[in-house]
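Engineer: Residue numbering for the sequence shown follows this note's numbering, starting at 684 and increasing by one per position.
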Amino acid sequence: MARQPQYSAIPDGAVDRLVSEVKGEVFLPDDPGYEAELDGFNRIGRHHPAIVVGAITAEDVAVAVRVAAELGLPIGVQATGHGIAAPVEGALLVTTHRMNTVAVDPVARIARAEAGAQWHQVIATAAYHGLAPLNGSSHLVGVVGYTLGGGLGPLGRLYGYAADHVTRVHLVTADGQHRTVTPDSHGELFWALRGGKGNFGIVTALEFGLVPVARLYGGGLYFPGAQAPAVLDAWREWTRTVPETLTSSVALLRLPGLHQVPGHPAGELAVHVRIAFTGGQEEGEALVRPLREAGTLLADTVADMPYSDVAQIHQDPTEPLPYHERNLVLREFDEDALAALLAAAGPDSACTDPMVELRHLGGALSRPPAVPNAVGRDGAYTLSTLSLPGSPDVVLPPLSGWSTGRRYLNFLAGADTAGSAPDCFDEATLARLLQVKKDYDPHNTFRLGHALLPGAS
């Protein structure tokens, strides 16, 4: 029998106040539209809040936070629902998808995105001016959540994390106050927000720098799954030599279908190497040649492209689906690590994970930014998995011997990852984050999602 959610009783006066003061929508569990409002991209979990505020202004967010604080309710936030952790139960949930205005100042190379904006909006607006944001592999992910968790994307080795480029954060803190957070105003909070996710308030808008990238030599190389040992070994050696202008990853895919590879049997293993190079086509072809020669190509989409087509590199899913997302940060990926990965997820394994991906770090991803933040930088690769609902973690444990001991915050989804946020930071960074948490959220109002709970170590 399905579990019946238990809702906290919301006093009529609080509901009336929200309805009268909020310009957006307010939903109770029995209201039409409540269930649709909760729909998120990752269906591995579903929120069951006592009340939902569909915000359309920053003041809507502030009112919701004040009411939640007065009622002693924890408060959660959802934009696109890609990074859901433990579902919100009996709390107040703010949905921000209606707040999706994007503006670009091409002279200052600064973008401003509201809380519910998605990356495709920023990509398209910036591309008109020959600029690009530090977006992720999926153009449908929310700008704010991605950036607060670090932001590891196709330009990472050259330009670093998205969080490194944030210049200003518009935030509602646990006291319901609007704050403009910069390096010179609430400096410790500015440091913590960029990497510490949603533990310190609800962001209503972000301002961040853009980079002068109009075109890429990018796309994907697809190989038969049986050639995974040769292709992964070639990629492993190749990443030791490539310039910072080239960011790449390799994925073992077991997907229902690969439209890029017509006739490929559904669910059968394929190897997908993802390439993003900011140099010219001729130089890119020379750099990628060793990978093209690593096996029998099923498909090759690597070519000169406008940056506005960047989502074509990874070909991330565009329709909602349920999946666990888990990861490790690896200090190295040597021959023994490759053998362990192949045993766990290769062509002769019993792995059923739709995706197992290695991303190459280094370059600007390993250097501190001009304005320090809380993003960890001690790894050489990330290893992440997308697993089917109920699937155990069979890939990461065998690779733990090569881990730095850290995880990457944005590659965590599903209830089993809700307590993993402390694993994403070293001891000193975690202690500093918890102090900021104590200073700005002393009653732990923002304790949902990937929370940094007081007392964590």
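Note that CB positions come from ideal geometry on N, CA and C, so glycine has one too.
#1: Helix or strand or just coil, what does DSSP make of Pro803?
#2: Inspect the beta-carbon positions of Met988 and Leu899 and report whether they are closer than 8 Å.
#3: Check Tyr905 in the structure and name its three-state DSSP category.
#4: Nearest by alpha-carbon distance to Ala815: which of Pro837, Val827 and Asp858 is it?
#5: Give the C-beta separation of His780 and Gly799 to the nearest angstrom, bearing in mind that I take them to be a contact with Cβ-Cβ under 8 Å.
#6: List the DSSP bridge partners of Arg862.
#7: In the structure shown, what three-state DSSP assignment does Tyr1091 receive?
#8: Would the beta-carbon of Val956 fall within 8 Å of that of Leu935?
#9: From Cys1107 to Arg1089, what does the alpha carbon distance come to, in whole angstroms?
#10: So does the region 975-986 actually touch the region 899-914, counting three or more Cβ pairs closer than 8 Å?
#11: Once the 5 residues before and after Leu831 are set aside, which same chain residues still bring their CB inside 8 Å of it?
#12: May I have the straight-line CA-CA distance separating Gln860 from Ala791, to the nearest angstrom?
#13: Go through its chain and collect everything with a Cβ distance to Asp1061's Cβ below 6 Å, but skip five positions before and after it.
#14: State the Cα-Cα distance for the pair Val698 and Ala911, rounded to the nearest angstrom.
#15: Which of helix, strand or coil does DSSP assign to Val956?
#16: In terms of residue numbering, what span does the beta strand (DSSP E) encompassing Ala1114 cover?
#17: With a threshold of 16 other CB atoms inside 10 Å of the CB of Ala1057, please say whether the residue is buried or exposed.
#18: To which residues does DSSP link Asp788 through a beta bridge?
#19: Keeping to the same chain, check which residues put their C-beta closer than 7 Å to that of Ala1153; ignore five residues upstream and five downstream.
#20: Are the Cβ atoms of Leu701 and Val771 separated by less than 8 Å?
#21: Give the DSSP-derived three-state secondary structure of Ser991 in the structure shown.
#22: Alpha carbon to alpha carbon, how far is Leu1136 from Val894?
#23: Taking DSSP as the reference, what is the three-state secondary structure of Thr830?
#24: Confirm, please, whether the CB-CB distance from Gly723 to Gly755 is below 8 Å.
#25: On the CB-based measure, 16 or more other CB atoms within 10 Å of its CB, does Ala949 come out buried or exposed?
#26: Does the CB of Val864 have a neighbour CB from chain C at under 8 Å?
#27: Is the beta carbon of Gly828 closer than 8 Å to that of Ala774?
#28: In the DSSP output, which residue or residues are listed as bridge partners for Pro900?
#29: Which parts of the region 701-786 are runs of the alpha helix (DSSP H), unbroken and 4 residues or longer, counting only runs that do not cross its ends?
#30: Out of Glu797, Ile734, Val787 and His1133, point me to the one whose CA is closest to Ala692's CA.
#31: Using a Cβ-Cβ cutoff of less than 7 Å, which residues in the same chain neighbour Cys1034 once the five nearest sequence positions on both sides are dropped?
#32: Since Leu1025 is in the alpha helix (DSSP H), which residue starts that stretch and which ends it?
#33: Measuring only the C-alpha atoms, how far is Leu854 from Glu797?
#34: Per DSSP, which residues does Arg1009 bridge with? Please list them.
#35: Which residue from Thr1068, Ala1022, Pro866 and Ser820 puts its Cα closest to that of Leu938?
#36: Going by beta carbon distance, what residues of the same chain come within less than 7 Å of Ser932, once the five residues before and after it are set aside?
Structural biologist: To lay it out plainly:
#1: Looking at the sequence provided, one finds His at residue 803 rather than Pro. In this structure, His803 counts as helix in the three-state DSSP scheme.
#2: Yes, Cβ-Cβ distance for Met988 and Leu899 is below 8 Å.
#3: If DSSP states are grouped into helix, strand and coil, Tyr905 belongs with the strands.
#4: Closest by alpha carbon: Pro837.
#5: Contact holds; Cβ gap of about 4 Å.
#6: Leu854
#7: DSSP places Tyr1091 in coil when its eight states are reduced to three.
#8: no
#9: 5 Å
#10: yes
#11: Contacts found: Ala846, Leu876, Arg877, Gly878, Gly879, Lys880, Gly881 and Val886.
#12: 28 Å
#13: Thr1087
#14: 57 Å
#15: strand
#16: Run containing Ala1114: none in the beta strand (DSSP E); it sits in the alpha helix (DSSP H), Glu1110 to Tyr1123.
#17: When all chains shown are included, Ala1057 counts as buried.
#18: Ile793
#19: An answer regarding residue 1153 cannot be provided, because it is not within the stretch 684 to 1140 covered by the chain.
#20: No; because the gap between Cβ atoms is not below 8 Å, this pair is not in contact.
#21: helix
#22: 35 Å
#23: Annotated three-state conformation of Thr830 is helix, per DSSP.
#24: no
#25: exposed
#26: Of the protein chains in this structure there is only one, and it is not chain C.
#27: no
#28: The amino acid at residue 900 is misidentified as Pro; the sequence shows Tyr. Beta-bridge pairing links Tyr900 to Phe960 and Asp987.
#29: 717-720 and 741-754
#30: Ile734
#31: Ala1027, Ala1028, Val1077 and Val1078
#32: Here the alpha helix (DSSP H) through Leu1025 covers Glu1018 to Ala1028.
#33: 11 Å
#34: Under DSSP, Arg1009 takes part in a beta bridge, and its partners are Thr1068.
#35: Thr1068
#36: Excluding residues within five positions, the ones whose Cβ falls inside 7 Å are Arg957, Glu1040, Leu1041, Arg1042 and His1043.
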